[in-house]
Amino acid sequence: MSLRSRLTTAFLVVVLGPVLVGAVFVAAVMSHLADSRGEALANSAVTMVDSTLGTICERIQASAAAVALNYSSGGRRTAVEMAQLVVNRSVVDGVVFTSLDEAGTDPGTDIGAEAPQGAWVDCGESAAYAGAGPIVALGAQVEVQGTDGSTAVFSAFRIVDREFLDRLALVADADLILRDDRERPLSAGGDDVGRWEYTDAFLPLSIGTVATDVTPMYWTLAAMVTASTVLAMGLASWLARSTTRPLAELSAAAERVSEGDLDVRVPVHGRDEVAHLALSFNQMTAQTQSYVQALTSSRDQMRGQLGRLGQTLTATLDLDRILEVILDTAMVTAGAEAGAILLVDVDDTDQLRQRAGEGDLGIDQPASIRIGEGILGSIAESGVPAHGRIVDGRFGDRRRAATEPDAGTIVAVPFNGRQPVDQERTYSRQPVEQDRARTALDQGSGSRRADPEPDAARAPNDADYGEPRTGGGVLGVLVVYNRVAGEDFEPGDVDSLRTFAGQAAVAVENVLLHRQAQRLSLTDPLTGLWNYRFMQTSLRREAERTRRYQRPSALLAIDLDRFKIVNDTYGHPVGDQVLVELARRITGQIREVDLAFRHGGEEFMVMLPETDAVGAEVVAERLGRAVAARPFKVNDATGGRELRISVSIGIAVLGEHADTATAVLAAADEALYAAKAAGRGTWRVAV
3 MSLRSRLTTA
13 FLVVVLGPVL
23 VGAVFVAAVM
33 SHLADSRGEA
43 LANSAVTMVD
53 STLGTICERI
63 QASAAAVALN
73 YSSGGRRTAV
83 EMAQLVVNRS
93 VVDGVVFTSL
103 DEAGTDPGTD
113 IGAEAPQGAW
123 VDCGESAAYA
133 GAGPIVALGA
143 QVEVQGTDGS
153 TAVFSAFRIV
163 DREFLDRLAL
173 VADADLILRD
183 DRERPLSAGG
193 DDVGRWEYTD
203 AFLPLSIGTV
213 ATDVTPMYWT
223 LAAMVTASTV
233 LAMGLASWLA
243 RSTTRPLAEL
253 SAAAERVSEG
263 DLDVRVPVHG
273 RDEVAHLALS
283 FNQMTAQTQS
293 YVQALTSSRD
303 QMRGQLGRLG
313 QTLTATLDLD
323 RILEVILDTA
333 MVTAGAEAGA
343 ILLVDVDDTD
353 QLRQRAGEGD
363 LGIDQPASIR
373 IGEGILGSIA
383 ESGVPAHGRI
393 VDGRFGDRRR
403 AATEPDAGTI
413 VAVPFNGRQP
423 VDQERTYSRQ
433 PVEQDRARTA
443 LDQGSGSRRA
453 DPEPDAARAP
463 NDADYGEPRT
473 GGGVLGVLVV
483 YNRVAGEDFE
493 PGDVDSLRTF
503 AGQAAVAVEN
513 VLLHRQAQRL
523 SLTDPLTGLW
533 NYRFMQTSLR
543 REAERTRRYQ
553 RPSALLAIDL
563 DRFKIVNDTY
573 GHPVGDQVLV
583 ELARRITGQI
593 REVDLAFRHG
603 GEEFMVMLPE
613 TDAVGAEVVA
623 ERLGRAVAAR
633 PFKVNDATGG
643 RELRISVSIG
653 IAVLGEHADT
663 ATAVLAAADE
673 ALYAAKAAGR
683 GTWRVAV
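Numbering-wise (the numbering used here), the sequence shown opens with residue 3 and increments by one.
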């Protein structure tokens with residue numbers, strides 16, 4: 003049987019039943035006419051009370067379900083808005099929202115009227131009232147799990163008081179008395195009562211109806227029964243149709259929504275409860291549609307940020323650029339208004355320095371914080387992520403440092419290196435300082451030349467290695483501030499930022515590994531001097547500079563005398579020690595702008611920018627004395643020993659003896675052979 007048929011039958015039974023029974027009783031026993039009529043009125047009043055209370059309970063349950071549905075799809079804020087809506091529309095007097103977690107239950111949030119203290123009758127339970135104190139409210143409760151994994155309980159209620167009973171008595175046209183544990187029961191209506199009935203379908207109520215004299219109705223009984231039957235059938239048909247049509251439309255719309263059609267809307271007929279339900283359904287679908295659109299937009303934005311992040315990580319070795327993209331993506335993911343990435347300073351491993359920043363951080367200069375101080379310094383020292391609110395400059399027991407960003411909410415994640423990278427240089431720092439000083443000399447002499455060689459051929463300077471070490475201790479801190487709309491960050495944001503912090507650590511390591519490989523490709527692994535490859539590049543650059551500015555540059559070719567005897571007599575390990583010591587003495591006798599190279603084997607080269615033949619002779623004389631003045635201390639299988647070593651030096655000058663890198667190298671070699679022919683341990687200038 004359809005709902006429409008059931009409603010029609012129920013209406014006919016409710017309406018015609020008392021009439022027919024009354025007619026039979028009036029016809030059969032005239033003396034009982036008054037009692038029969040009174041019974042009909044009493045039954046009608048009970049039915050009206052039960053029906054009205056049932057409708058109220060349905061509205062309470064629907065309100066709690068609607069608020070819970072909004073919470074599960076949109077979160078606490080949306081649920082509160084829906085609760086406020088149903089309260090404003092007087093569907094319920096109030097809604098209580100309680101959030102549950104592993105620690106227990108947090109304080110509830112009241113929307114509308116404050117939740118009354120006392121016994122509540124649950125509309126969802128069929129058990130009758132068992133006498134557990136005064137009844138203060140009719141309520142319904144819905145428990146739902148939110149998107150963040152937390153559990154929330156929504157309790158909608160209507161307050162049961164004298165005003166409530168008055169409205170119910172007005173609807174039922176009867177006198178009402180609430181039978182609970184009060185000393186003075188609540189009542190509504192007058193004192194002209196002819197018959198009392200009792201109902202406990204929702205509330206334990208005594209229902210009194212007014213005594214009615216039905217004697218004048220006797221002669222018109224037959225006409226009324228006939229007319230009532232016709233009208234009841236027509237009214238039942240209309241009522242069933244008007245009641246079920248909105249429900250059918252609502253059911254069809256709900257089915258379309260379940261299939262993904264969020265554009266559907268339900269026609270609103272009239273202003274009754276079903277119309278309110280249809281209106282609420284339309285509002286729900288509209289809000290759901292806006293949420294889906296927002297989520298789609300957020301998803302597309304996230305995809306764009308992740309694509310940008312992937313392209314940046316694979317296409318560039320610019321650490322600052324990589325960190326900026328990582329920070330932007332982290333801020334979009336967490337919904338933050340500002341953020342920063344701070345890395346450990348290579349020169350001061352107790353100092354965090356800002357390398358990337360976005361948004362209003364409340365500071366004029368990039369943040370610089372000592373590890374262990376302030377909020378970020380303490381988080382870096384502990385190595386434990388943290389999130390929460392900063393109140394009056396304090397985050398828990400940590401006080402904000404004057405140089406770190408100021409904000410209301412924060413999520414900070416420290417990160418470490420994954421692969422140990424040897425940040426210590428395996429070569430002398432002096433060649434790097436030479437190249438830096440040489441650049442300063444070029445600029446100081448008034449030249450403003452463009453470097454004719456590509457950047458890859460230039461010697462890296464100290465700034466290239468001003469990055470934090472990896473493989474031990476904290477590498478840096480990723481932090482975002484002030485979530486959009488003033489909300490608190492969630493624990494899930496910490497997990498998201500851990501992912502981006504790991505990407506930042508990998509990016510730093512990749513840059514360091516690339517620079518280390520680039521550095522090692524230009525240096526000799528034994529002596530730490532520049533290698534043959536870098537020597538060729540430097541000679542070509544110096545020859546070009548000499549041709550352009552007409553300034554001489556000298557090249558010294560240095561060779562160990564009788565080095566083969568050292569190797570044959572003491573072995574190659576001792577020979578390697580001699581080469582290392584020779585490299586150290588050479589770098590100790592030249593300027594910062596000069597460059598020392600290992601040409602190969604026991605032969606070394608020294609380039610002296612802005613130096614003519616006379617100046618080169620002075621340097622060669624000084625180098626020869628530095629090598630021969632003190633014996634070389636070496637260790638072999640027999641223990642330590644001292645060796646007397648001398649070098650032969652050939653001198654050639656760009657612009658005087660040759661104009662190209664190849665020619666000046668050949669001229670220096672010829673001068674070296676001349677020095678060896680002259681008895682070794684001396685120097686000669688190319689002719």
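Every residue gets a Cβ at the ideal spot worked out from N, C-alpha and C, and that includes glycine.
- Taking residue 275 as the centre and dropping the five residues before and after it, the same chain places the C-beta of 57, 60 and 61 closer than 8 Å to its C-beta, in chain order.
- Shortest Cα-Cα distance from residue 256 to any of 231, 237 and 284 involves 284.
- If you compare the alpha carbons of 234, 71 and 97 with that of residue 21, the shortest gap goes to 234.
- Around the C-beta of residue 157, 16 or more other C-beta atoms lie within 10 Å, and the residue is accordingly described as buried.
- In the three-state scheme derived from DSSP, where H, G and I count as helix and E and B as strand, residue 533 is classed as coil.
- Residue 483 and residue 332 have their C-alpha atoms roughly 11 Å apart.
- Secondary structure of residue 608 (DSSP, three-state): strand.
- Of the residues assessed, residue 567 falls on the exposed side of the cut-off, its CB having fewer than 16 other CB atoms within 10 angstroms.
- Assignment of beta-bridge partners to residue 338 by DSSP yields 485.
- Of 496, 362, 63 and 321, the smallest CA-CA separation from residue 345 is found for 321.
- In terms of CA proximity to residue 654, 622 leads the group 631, 634 and 622.
- Within the same chain, Cβ atoms closer than 6 Å to the Cβ of residue 598 are found at 531, 588, 589 and 608, the five residues on either side in sequence being excluded.
- Here residue 687 carries a strand assignment [DSSP, helix/strand/coil].
- Measuring C-alpha to C-alpha distances from residue 43 to each of 676, 652, 656 and 199 identifies 199 as the nearest.
- The alpha carbon of residue 74 has as its nearest neighbour, out of 562, 368, 563 and 153, the alpha carbon of 153.
- The beta carbon of residue 184 is closer than 8 Å to those of 136 in its chain, skipping five residues each way along the sequence.
- Residue 115 holds the alpha-carbon nearest to the alpha-carbon of residue 89 among 115, 510, 71 and 4.
- If you draw a straight line from the Cα of residue 175 to the Cα of residue 211, it is about 8 Å long.
- Residue 389 is bridged by DSSP to 413.
- Between the alpha carbons of residue 659 and residue 633 lies a gap of roughly 34 Å.
- Between the alpha carbons of residue 493 and residue 287 lies a gap of roughly 30 Å.
- In the DSSP annotation of this structure, the continuous segment of the alpha helix (DSSP H) that includes residue 83 starts and ends at 78-90.
- For residue 39, the secondary structure class from DSSP, reduced to helix, strand or coil, is helix.
- When secondary structure is reduced to three states using DSSP, residue 528 falls in the coil class, being assigned neither helix nor strand.
- Residue 141 and residue 12 have their alpha carbons spaced roughly 27 Å apart.
- Residue pairing from DSSP places residue 598 in a beta bridge opposite 608.
- DSSP places residue 231 outside any beta strand (DSSP E); the residue lies instead in the alpha helix (DSSP H), whose first and last residues are 223-260.
- Residue 9 has its alpha-carbon roughly 20 Å from the corresponding atom of residue 280.
- The beta carbons of residue 361 and residue 340 sit closer together than 7 Å.
- Non-local beta-carbon contacts of residue 504 in its own chain, meaning distances under 7 Å to residues more than five positions away in sequence, involve 417 in chain order.
- Here residue 645 is bridged, per DSSP, to 634.
- In terms of Cα proximity to residue 478, the closest of 486, 510, 497 and 489 is 510.
- Residue 187 places its beta carbon 7 Å or farther from that of residue 131.
- Pairing residue 369 with residue 326 gives a Cβ-Cβ distance that is not under 7 Å.
- By the Cβ neighbour-count rule, residue 637 is exposed, with fewer than 16 other Cβ atoms within 10 Å of its own.
- Going by beta carbons, residue 113 and residue 97 fall inside the 7 Å limit.
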